[in-house]
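Chemist: Heads up: the sequence shown is residues -10 to 231, going by our numbering.
All C-beta atoms in this analysis are idealised placements derived from N, C-alpha and C, irrespective of residue type, glycine included.
I have a structure here, written as structure tokens, and I will follow up with some questions on it.
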Amino acid sequence: MREHIDLYLYSREEAVRMSELKDWRESYRANCDCARAIERAIRDNYSDSILHDCMQPLIEEYGFNRINWVLANTVQQKHGDGRFSVDNRQWANSFYIPRDENNWQFVVESHPGLVDLAVSQTRKAWQALGLFDNSHCLSERNGELDYAGKVVVIDPSIFKDRYKTPDDQLFLAQSGFGCAPHARGRKVFGTFLKDGEETHYQRSDIIGILKDEHLPDWAREKLTELTPPDGSESQGMTMGGI
């Protein structure tokens, strides 16, 4: 499996402004290559009115992030086509893909009904990862949350595929202006429960605070190790309890 080219999330115009045109161009070419590969996979795996499983090899080659991006862009570009299921349209619309005159170049031009099946296969493969999502968290939709001292869930889309696991999502937020909902700073500093690595993320990289009932036993033990015996460094490093 080749090393994945990083998915560029901004428009060409923004790339020019930030002097990142090379990054945009590499990602754009990979998007187009990915779309053509999906078309070939659909063509080669459709027979007897069945689209046989064909997306997993492409996920391994291009990575979940790019496969999701190309398929979501395809459904968005064909927003008026009723051959896409309601669920898959809602899924596609959950991605913010900047408007760019070049987006049509990485639309999968296979029959929409078959593309819809490819989307479903990809979503099924993603669900099989067992990742934490909004349903497991107290999120901003539930109110204004302070992340300091809480176990939060990192958005898996910012990880390389080998780190897209529920264990790798769990992060103990400890400090930084980004812990507070209305602070000017956005950085949240803390520690991964899995291996104790210390780093920081933007507040926007966090899905929410993990609800207590979803914290695995191993993570609960790690949390105890990271919490000072007298609780002096934090007012109780906890999960979703407030």
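(1) Is the Cβ-Cβ distance between N57 and W115 less than 9 Å?
(2) Secondary structure at Q224, three-state DSSP: helix, strand or coil?
(3) Can you name, in chain order, every residue of its own chain whose Cβ lies under 6 Å from the Cβ of S128, other than the five neighbours on each side?
(4) Taking the alpha carbon of D76 as the reference point, which residue from K200, R18, V108 has its own alpha carbon closest?
(5) Between I31 and Q110, what straight-line distance do the alpha-carbon atoms span, to the nearest angstrom?
(6) Which residues does DSSP list as the beta-bridge partners of V177?
(7) Quick check: what's the CA-CA separation for D206 versus P87?
(8) Could you tell me the distance, in whole angstroms, from the CA atom of V5 to the CA atom of V96?
(9) Nearest-angstrom Cα distance between P80 and S164?
(10) Can the beta-carbon of G179 be found less than 9 Å from the beta-carbon of A162?
(11) Starting from L215, trace the beta strand (DSSP E) in both directions and tell me its first and last residue.
(12) Pick out the complete beta strand (DSSP E) segments inside the region 32 to 105, 3 residues or longer, and give them in chain order.
(13) Is E3 helix, strand or coil by DSSP?
(14) Could you check which residue in T188, K139, L134, G167 has the C-alpha nearest to that of T213?
(15) Can you find a heavy atom of the ligand COA that lies under 8 Å from the Cβ of L60?
(16) From which residue to which residue does the alpha helix (DSSP H) around D157 run?
(17) Please report the Cβ distance between F151 and R175, rounded to the nearest whole angstrom; I am assuming they are in contact, meaning their Cβ atoms lie under 8 Å.
Modeler: So, to answer that:
(1) Taking the first residue of the sequence shown as 1, we reach residue 57 at position 68. Taking the first residue of the sequence shown as 1, we reach residue 115 at position 126. Yes, the Cβ-Cβ distance between N57 and W115 is below 9 Å.
(2) Stepping through the sequence shown from its first residue, residue 224 is reached at position 235. Residue placement at Q224 is poorly supported in this model, since its pLDDT is 42, which falls under 50; the coordinates still yield a value, given next. Looking at Q224 - three-state DSSP - the assignment turns out to be coil, as it is neither helix nor strand.
(3) Residue mapping note: residue 128 aligns to position 139 of the sequence shown, counting from 1. Excluding sequence neighbours, S128 sits near G197.
(4) For the purposes of this step, residue 76 is taken as residue 87 along the sequence shown, with counting starting at 1. Out of K200, R18, V108, V108 has the C-alpha closest to the C-alpha of D76.
(5) Numbered from its first residue, the sequence shown carries residue 31 at position 42. Numbered from its first residue, the sequence shown carries residue 110 at position 121. Cα-Cα distance, rounded: 12 Å.
(6) For the purposes of this step, residue 177 is taken as the residue at position 188 of the sequence shown. In the DSSP output, where bridge partners are listed per residue, V177 has Y190.
(7) For the purposes of this step, residue 206 is identified with residue 217 of the sequence shown, where counting begins at 1. For the purposes of this step, residue 87 is identified with residue 98 of the sequence shown, where counting begins at 1. Cα-Cα distance, rounded: 40 Å.
(8) Residue mapping note: residue 5 aligns to position 16 of the sequence shown, counting from 1. Residue mapping note: residue 96 aligns to position 107 of the sequence shown, counting from 1. As the crow flies, the alpha-carbon of V5 is around 23 Å from that of V96.
(9) Counting from one through the sequence shown, the residue named residue 80 turns up at place 91. Counting from one through the sequence shown, the residue named residue 164 turns up at place 175. In the sequence as displayed, the identity of residue 80 is Trp instead of Pro. S164 has its alpha-carbon roughly 33 Å from the corresponding atom of W80.
(10) What you label residue 179 is simply residue 190 of the sequence shown in a count that begins at 1. What you label residue 162 is simply residue 173 of the sequence shown in a count that begins at 1. Result yes, Cβ atoms of G179 and A162 sit closer than 9 Å.
(11) On the sequence shown, position 226 is the one that residue 215 refers to. It is not in any beta strand (DSSP E) - L215 instead sits in the alpha helix (DSSP H) that spans 206 to 215.
(12) Taken in chain order, the region 32 to 105 contains no complete beta strand (DSSP E) segment of 3 residues or longer.
(13) Taking the first residue of the sequence shown as 1, we reach residue 3 at position 14. Here E3 sits in helix by DSSP.
(14) Along the sequence shown, read from residue 1 onward, the residue named residue 213 stands at position 224. Looking at the Cα atoms, K139 is the closest of the given residues.
(15) Of ligands this structure carries none, so the ligand COA is not represented either.
(16) Position 168 of the sequence shown, counting from 1, holds the residue named residue 157. For D157, the enclosing alpha helix (DSSP H) has its first and last residue at 155 to 158.
(17) Numbered from 1 along the sequence shown, position 162 holds the residue referred to as residue 151. Numbered from 1 along the sequence shown, position 186 holds the residue referred to as residue 175. Residue identity check: residue 151 is Arg in the sequence provided, not Phe. About 27 Å separates the two Cβ atoms, so there is no contact after all.
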